[in-house]
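These notes are about the structure you will find just below.
2 protein chains.
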Amino acid sequence: MAQLLLLQEQEFHTRLQEVRRLMESQSTDALLISDNANIYYLTGRVFTGLVYIPVSGPVIFFVRRPVNLTGDGVVYIRKPEQITETIGLNLPARLGLELDITAYSTIGRFKAIFPDTTEITNASPLLRDARSRKTPMEIDMIRTSGIKQERVYRRIPHLYRPGMTDLELQVEIERTSRLEGCLGQFRISGDSMELYMANLLVGDNADTPTPYDFAMGGEGLDPSLPVGCNGTIIREGLSVMADVNGNYTGYMTDMTRTFALGSLKPLALKAHQCSIDICDMIAAKALPGTKAKELYELAEQYVREQGLHEYFMGHKQKAGFIGHGVGIEINELPVIAPRSRDILAEGNVIALEPKFVIPGTGAVGIENTYLVTATGLECLTNAPQQIITLE
Amino acid sequence: MAQLLLLQEQEFHTRLQEVRRLMESQSTDALLISDNANIYYLTGRVFTGLVYIPVSGPVIFFVRRPVNLTGDGVVYIRKPEQITETIGLNLPARLGLELDITAYSTIGRFKAIFPDTTEITNASPLLRDARSRKTPMEIDMIRTSGIKQERVYRRIPHLYRPGMTDLELQVEIERTSRLEGCLGQFRISGDSMELYMANLLVGDNADTPTPYDFAMGGEGLDPSLPVGCNGTIIREGLSVMADVNGNYTGYMTDMTRTFALGSLKPLALKAHQCSIDICDMIAAKALPGTKAKELYELAEQYVREQGLHEYFMGHKQKAGFIGHGVGIEINELPVIAPRSRDILAEGNVIALEPKFVIPGTGAVGIENTYLVTATGLECLTNAPQQIITLE
Numbered sequence: 002m003a004q005l006l007l008l009q010e011q012e013f014h015t016r017l018q019e020v021r022r023l024m025e026s027q028s029t030d031a032l033l034i035s036d037n038a039n040i041y042y043l044t045g046r047v048f049t050g051l052v053y054i055p056v057s058g059p060v061i062f063f064v065r066r067p068v069n070l071t072g073d074g075v076v077y078i079r080k081p082e083q084i085t086e087t088i089g090l091n092l093p094a095r096l097g098l099e100l101d102i103t104a105y106s107t108i109g110r111f112k113a114i115f116p117d118t119t120e121i122t123n124a125s126p127l128l129r130d131a132r133s134r135k136t137p138m139e140i141d142m143i144r145t146s147g148i149k150q151e152r153v154y155r156r157i158p159h160l161y162r163p164g165m166t167d168l169e170l171q172v173e174i175e176r177t178s179r180l181e182g183c184l185g186q187f188r189i190s191g192d193s194m195e196l197y198m199a200n201l202l203v204g205d206n207a208d209t210p211t212p213y214d215f216a217m218g219g220e221g222l223d224p225s226l227p228v229g230c231n232g233t234i235i236r237e238g239l240s241v242m243a244d245v246n247g248n249y250t251g252y253m254t255d256m257t258r259t260f261a262l263g264s265l266k267p268l269a270l271k272a273h274q275c276s277i278d279i280c281d282m283i284a285a286k287a288l289p290g291t292k293a294k295e296l297y298e299l300a301e302q303y304v305r306e307q308g309l310h311e312y313f314m315g316h317k318q319k320a321g322f323i324g325h326g327v328g329i330e331i332n333e334l335p336v337i338a339p340r341s342r343d344i345l346a347e348g349n350v351i352a353l354e355p356k357f358v359i360p361g362t363g364a365v366g367i368e369n370t371y372l373v374t375a376t377g378l379e380c381l382t383n384a385p386q387q388i389i390t391l392e
Numbered sequence: 002m003a004q005l006l007l008l009q010e011q012e013f014h015t016r017l018q019e020v021r022r023l024m025e026s027q028s029t030d031a032l033l034i035s036d037n038a039n040i041y042y043l044t045g046r047v048f049t050g051l052v053y054i055p056v057s058g059p060v061i062f063f064v065r066r067p068v069n070l071t072g073d074g075v076v077y078i079r080k081p082e083q084i085t086e087t088i089g090l091n092l093p094a095r096l097g098l099e100l101d102i103t104a105y106s107t108i109g110r111f112k113a114i115f116p117d118t119t120e121i122t123n124a125s126p127l128l129r130d131a132r133s134r135k136t137p138m139e140i141d142m143i144r145t146s147g148i149k150q151e152r153v154y155r156r157i158p159h160l161y162r163p164g165m166t167d168l169e170l171q172v173e174i175e176r177t178s179r180l181e182g183c184l185g186q187f188r189i190s191g192d193s194m195e196l197y198m199a200n201l202l203v204g205d206n207a208d209t210p211t212p213y214d215f216a217m218g219g220e221g222l223d224p225s226l227p228v229g230c231n232g233t234i235i236r237e238g239l240s241v242m243a244d245v246n247g248n249y250t251g252y253m254t255d256m257t258r259t260f261a262l263g264s265l266k267p268l269a270l271k272a273h274q275c276s277i278d279i280c281d282m283i284a285a286k287a288l289p290g291t292k293a294k295e296l297y298e299l300a301e302q303y304v305r306e307q308g309l310h311e312y313f314m315g316h317k318q319k320a321g322f323i324g325h326g327v328g329i330e331i332n333e334l335p336v337i338a339p340r341s342r343d344i345l346a347e348g349n350v351i352a353l354e355p356k357f358v359i360p361g362t363g364a365v366g367i368e369n370t371y372l373v374t375a376t377g378l379e380c381l382t383n384a385p386q387q388i389i390t391l392e
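If you read the sequences in order, they're chains A and B. The opening residue of the first sequence carries number 2 in our numbering; numbering runs sequentially from there. The opening residue of the second sequence carries number 2 in our numbering; numbering runs sequentially from there.
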């Protein structure tokens with residue numbers, strides 16, 4: 002047998018308290034949570050089952066699989082309909098379910114378990130909100146991922162061999178990442194996003210629009226997975242952008258660096274420096290309380306002044322954001338986008354990726370993951386930012 | 002610009018006709034499809050948007066991203082609410098949506114677009130049903146994946162180096178697979194399943210229960226992803242089970258082989274032979290029209306006769322199935338399980354994985370992918386089935 006709760010008691014209560022504070026502000030009587038990422042947040046492990054959180058009273062962990070968990074509040078079930086046997090008569094009037102993630106059929110099944118519940122509220126934004134402000138323990142795990150990821154990035158120039166394709170270099174980066182301890186999965190909220198552990202874009206392939214809502218595109222190797230590398234051979238004058246999954250601890254950092262064989266044309270060098278400048282400008286300006294959209298506007302205005310707008314966040318197809326929260330999943334809050342209503346808070350962890358696509362060269366720019374502290378942004382991904390020469 | 006429809010005209014019409022036949026049998030007037038796997042099935046590519054399929058009349062492809070698609074029926078939208086401008090007044094009374102996959106909030110948004118629709122039907126089982134009977138073109142793609150996967154499996158013994166951990170060997174298998182053309186993604190329907198490109202189980206780690214509904218478990222490297230290898234060193238007397246993603250074409254084969262350093266104990270050898278025997282027995286018996294559950298019962302009865310039931314499909318935790326459909330996703334129809342109502346049909350592609358966990362040794366057994374033909378099962382994964390010695 003193994004203890005279900007892998008979080009320290011104090012850590013569990015810190016997270017639970019924050020979730021309950023938000024429940025009270027929305028007059029929600031109980032939450033029923035089934036999403037892997039949210040279960041991991043609440044317990045420190047993943048199981049198949051449901052976490053039932055009443056606004057007061059003990060939390061109940063309804064487990065279907067694995068079979069070997071034990072601890073306070075652990076109740077085994079074969080099907081969700083059994084949970085009312087445990088919850089008893091004290092059923093919630095307002096019940097929060099993860100409406101933005103959970104399938105319609107599954108929500109219907111949950112609703113039928115609580116026929117007397119007067120209202121279903123949406124627990125998805127509530128959990129996204131709570132998870133956006135990381136605890137010191139979560140920050141430590143993200144920090145560790147950043148240090149390990151940095152180590153991998155420093156080795157990338159040495160993985161290059163003349164004549165390599167984008168795929169061949171990507172495979173060596175993925176191998177190096179895995180041997181360094183990268184868990185190899187990019188957790189993304191929602192069904193519609195699909196991505197590799199490493200995403201390598203060489204030359205004009207970066208200008209191929211992708212269906213996915215990522216900052217950069219790429220044709221991919223097959224129409225069934227139209228994103229990322231497409232077999233382009235790395236040649237002089239082409240940029241090599243590496244955007245690699247930094248999930249070493251269950252908590253990710255997101256980081257991009259640009260490499261090149263020989264030197265790139267002046268326009269590409271200017272755009273790359275502009276990306277570094279934007280990160281520095283935002284890092285100097287952002288504080289708890291800063292509006293996310295102001296950071297986007299700051300970047301956009303600077304790009305216009307530099308005359309680089311045509312290439313900013315894509316060329317044939319543009320992404321609608323320059324940054325996003327990161328943690329258990331790669332698409333957390335806050336979102337740094339023109340219509341974002343998010344406001345930066347202490348403990349947010351954000352990835353900033355002001356990138357450019359220069360026709361004939363490829364993608365340039367950087368991405369760093371930052372912690373929002375009381376005094377400003379702290380960079381957690383500290384590999385060299387300049388364009389790095391492949392040897 | 003690029004043509005949206007990557008399927009040949011004839012292939013598109015074959016699939017569309019099958020979907021419409023099922024729509025008519027359920028009196029559904031139109032389908033609105035947004036899932037990546039279903040969009041890929043219907044068009045041969047993935048895009049962000051919606052496919053609108055009326056029971057008669059032209060299919061409309063509402064595209065949000067990428068920006069460069071063209072062709073008959075292609076209409077660009079920024080948001081789903083715009084689709085009625087194109088569909089016009091001929092709105093469906095009974096509309097099919099993917100209720101088993103699509104988030105509750107998204108379905109709510111779709112329903113609001115069709116306020117006069119009298120009934121929402123569930124398009125998920127309909128598409129699963131259609132996709133379970135593969136066309137000759139799909140079968141060719143699966144066949145190609147099988148041949149490439151076989152090539153990778155034959156190289157696994159040569160990837161082993163003394164002292165390797167499960168992770169280290171897994172990383173080399175993943176690298177080899179990717180260089181052979183494996184797309185590196187395991188498409189799984191639903192949010193709750195997470196898995197690696199390759200899953201390597203060495204020794205007693207195979208007996209660690211996992212939260213995921215896979216045939217075998219494994220502790221994993223971190224509580225955030227509790228499945229697969231855990232850092233066990235490969236030693237004499239331990240089995241090494243490799244279950245690797247065979248997605249080379251957008252259509253997968255699923256295959257498992259067991260390796261060992263030196264020889265395994267007699268009980269493990271007996272169980273491994275039992276797994277091969279079960280595959281052979283089922284391959285000799287299964288025909289279009291055979292009930293899936295009868296194949297499960299056949300396997301279970303044979304296992305009991307052999308006195309191996311304690312170890313069958315897991316030891317501490319057991320999986321509830323011995324086989325599953327495979328194609329664009331790894332969990333397609335039919336399901337070979339005790340309560341399955343599925344009946345085998347010509348064109349089904351099924352992975353059979355009667356496996357055992359032997360305490361002290363690890364997981365043994367095989368997995369093959371078979372095509373259901375008019376005259377019986379044809380194996381598409383033809384690497385040697387015996388336990389293979391690591392060199």
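C-beta atoms are modelled at their ideal positions from N, C-alpha and C, and glycine is treated no differently.
Straight-line gap, B/L353 to B/G326 (C-alpha atoms, nearest Å): Position 352 of the second sequence holds residue 353 of chain B. Position 325 of the second sequence holds residue 326 of chain B. Using only the alpha carbons, I get a separation of about 9 Å.
Ignoring anything shorter than 4 residues, give me the alpha helix (DSSP H) runs that lie fully in the segment 247-309 of chain B, in order along the chain. 267-286, 293-306
Look up A/I78 in the DSSP assignment and say whether it is helix, strand or coil. What you label residue 78 of chain A is simply residue 77 of the first sequence in a count that begins at 1. Here A/I78 sits in coil by DSSP.
Residue closest to A/Y312, alpha-carbon to alpha-carbon, out of A/H273, A/L296, A/C183, A/R342: The residue labelled residue 312 of chain A in the question sits at position 311 within the first sequence. Checked all of A/H273, A/L296, A/C183, A/R342; the closest Cα to A/Y312 is A/H273.
Against A/G185, what residues of chain B qualify as contacts under a CB-to-CB distance less than 7 Å, listed in chain order? Locating residue 185 of chain A in the first sequence gives position 184, where the first residue counts as 1. What A/G185 touches in chain B: Y197.
Mind pulling the chain B residues with CB within less than 7 Å of A/K317? Reading the first sequence from its first residue, position 316 is the one you call residue 317 of chain A. Ordered by position in chain B, the residues that pass the 7 Å Cβ test against A/K317 are V68, N69.
For B/T103, go through chain A and note every residue whose CB falls closer than 7 Å to its CB, in chain order. As a first step, residue 103 of chain B is located in the second sequence; it is residue number 102 there, counting from the start. Per Cβ cutoff of 7 Å: A104, Y105.
For B/G263 and A/E330, I'd like the C-alpha separation in whole angstroms. Along the second sequence, one-based indexing puts residue 263 of chain B at 262. Along the first sequence, one-based indexing puts residue 330 of chain A at 329. Between B/G263 and A/E330, the C-alpha separation is close to 42 Å.
Quick one: measure Cβ to Cβ for B/L51 and B/I84, integer angstroms, because I've assumed they're closer than 8 Å. Numbered from its first residue, the second sequence carries residue 51 of chain B at position 50. Numbered from its first residue, the second sequence carries residue 84 of chain B at position 83. Between B/I84 and B/L51 the Cβ distance is about 7 Å, and since that is below 8 Å, they are a contact.
Using a Cβ-Cβ cut-off of 6 Å (strictly less than) and excluding sequence neighbours within five positions of B/N206, which residues of its own chain qualify? Start at 1 with the first residue of the second sequence, and residue 206 of chain B comes out as number 205. The answer, listed in chain order, is G219, E220, N231, T233.
Sort A/L202, A/A38, A/T136, A/Q11 by Cα distance to A/N349 and report the nearest one. As a first step, residue 349 of chain A is located in the first sequence; it is residue number 348 there, counting from the start. Ranking A/L202, A/A38, A/T136, A/Q11 by Cα distance to A/N349 puts A/T136 first.
May I ask you to list the residues that DSSP assigns as paired with A/Q386? Residue numbering aside, residue 386 of chain A sits at position 385 when the first sequence is read from its first letter. A/Q386 is not bridged to any residue.
Which of helix, strand or coil DSSP assigns to B/P137: Here residue 137 of chain B is taken as the residue at index 136 of the second sequence, counted from 1. In this structure, B/P137 counts as helix in the three-state DSSP scheme.
Where does the unbroken alpha helix (DSSP H) through A/Y53 begin, and where does it stop? Against the first sequence, residue 53 of chain A aligns to sequence position 52. Unbroken run through A/Y53 is the beta strand (DSSP E), 49-55; no alpha helix (DSSP H).
Which one or two residues does DSSP pair with A/V241 in a beta bridge? Within the first sequence, numbered from 1, the residue matching residue 241 of chain A stands at position 240. DSSP output for A/V241 lists A/V203, A/F260 as bridge partner(s).
Roughly how many whole angstroms lie between the Cα atoms of A/R340 and A/I323? By one-based count along the first sequence, residue 340 of chain A stands at place 339. By one-based count along the first sequence, residue 323 of chain A stands at place 322. Spanning the two alpha carbons is a distance of roughly 12 Å.
Could you list which residues in chain B have their beta carbon closer than 7 Å to that of A/R176, in chain order? For this step, residue 176 of chain A is matched to residue 175 along the first sequence. A/R176 reaches chain B at V172, R176, counting residues in chain order whose Cβ is nearer than 7 Å.
Counting only beta-carbon atoms, is B/D73 nearer than 8 Å to chain A? Position 72 of the second sequence, counted from the first residue, corresponds to residue 73 of chain B. Cβ-Cβ to chain A under 8 Å: no for B/D73.
For B/Q171, does the count of other Cβ atoms within 10 angstroms reach 16, so buried, or fall short, so exposed? Position 170 of the second sequence, counted from the start, is the residue given in the question as residue 171 of chain B. Answer is buried; the Cβ neighbour count reaches 16.
For the putative contact between B/A124 and B/E99, defined by C-beta atoms under 8 Å, what is the C-beta separation to the nearest angstrom? As a first step, residue 124 of chain B is located in the second sequence; it is residue number 123 there, counting from the start. As a first step, residue 99 of chain B is located in the second sequence; it is residue number 98 there, counting from the start. Confirmed, about 5 Å.
Please report the Cβ distance between A/D36 and A/T103, rounded to the nearest whole angstrom; I am assuming they are in contact, meaning their Cβ atoms lie under 8 Å. As a working note, residue 36 of chain A is residue 35 in the first sequence. As a working note, residue 103 of chain A is residue 102 in the first sequence. Right, their Cβ atoms sit about 7 Å apart.
Which residues of chain B have a Cβ atom closer than 9 Å to the Cβ of A/R46, listed in chain order? The count along the first sequence starts at 1 and reaches residue 46 of chain A at position 45. Near A/R46 (Cβ distances below 9 Å), the residues of chain B are P212, P224, S225, P227.
Closest to A/R156 by CA distance: which of A/T177, A/M165, A/L168, A/D141 is it? Indexing the first sequence from 1 puts residue 156 of chain A at position 155. Considering only alpha carbons, the answer is A/T177.
Along the chain, where does the beta strand (DSSP E) that runs through A/N123 open and close? One-based indexing of the first sequence puts residue 123 of chain A at position 122. Residues 120-123.
Got a sec, what are the start and stop residues for the alpha helix (DSSP H) A/T374 sits in? Indexing the first sequence from 1 puts residue 374 of chain A at position 373. That residue, A/T374, is in no alpha helix (DSSP H); its beta strand (DSSP E) goes 369-374.
For A/R95, three-class secondary structure by DSSP: Taking the first sequence and counting its residues from 1, the one referred to as residue 95 of chain A is at position 94. In this structure, A/R95 counts as strand in the three-state DSSP scheme.
Identify every residue that forms a DSSP beta bridge with A/R66. For the purposes of this step, residue 66 of chain A is taken as the residue at position 65 of the first sequence. Paired residues: A/T49.
Measuring only the C-alpha atoms, how far is B/T259 from B/I359? Along the second sequence, one-based indexing puts residue 259 of chain B at 258. Along the second sequence, one-based indexing puts residue 359 of chain B at 358. The straight-line gap from Cα to Cα measures roughly 13 Å.
Endpoints, the alpha helix (DSSP H) within which B/V172 is located: In the second sequence, counting from the first residue as 1, residue 172 of chain B sits at position 171. First-last of the alpha helix (DSSP H) with B/V172: 167-180.
Classify A/G89 as helix, strand or coil using the three-state DSSP reduction. Along the first sequence, read from residue 1 onward, the residue named residue 89 of chain A stands at position 88. Looking at A/G89 - three-state DSSP - the assignment turns out to be coil, as it is neither helix nor strand.
Below 7 Å on C-beta distance, what does A/L7 contact in chain B? Taking the first sequence and counting its residues from 1, the one referred to as residue 7 of chain A is at position 6. P224, listed in chain order.
Under three-state DSSP, which class holds A/Y346? The residue given as residue 346 of chain A occupies position 345 in the first sequence. Note that residue 346 of chain A is Ala in the sequence shown, not Tyr. Three-state DSSP puts A/A346 in coil, outside helix and strand.
Does the segment 268-284 of chain B come close enough to the segment 241-252 of chain B to have 3 or more Cβ pairs within less than 8 Å? In the pairwise beta carbon analysis, the segment 268-284 of chain B is classified as not touching the segment 241-252 of chain B: fewer than three pairs are separated by under 8 Å.
Buried/exposed call for A/M256, threshold 16 Cβ in 10 Å: Start at 1 with the first residue of the first sequence, and residue 256 of chain A comes out as number 255. Buried is the call here.
For A/G109, report the span of its alpha helix (DSSP H) as first-last. The residue you call residue 109 of chain A lines up with position 108 of the first sequence. Here the alpha helix (DSSP H) through A/G109 covers 105-114.
Could you tell me which chain A residues have their CB closer than 7 Å to the CB of B/S193, listed as they occur along the chain? As a first step, residue 193 of chain B must be located in the second sequence, where it is residue number 192. The answer, in chain order, is N37, T49.
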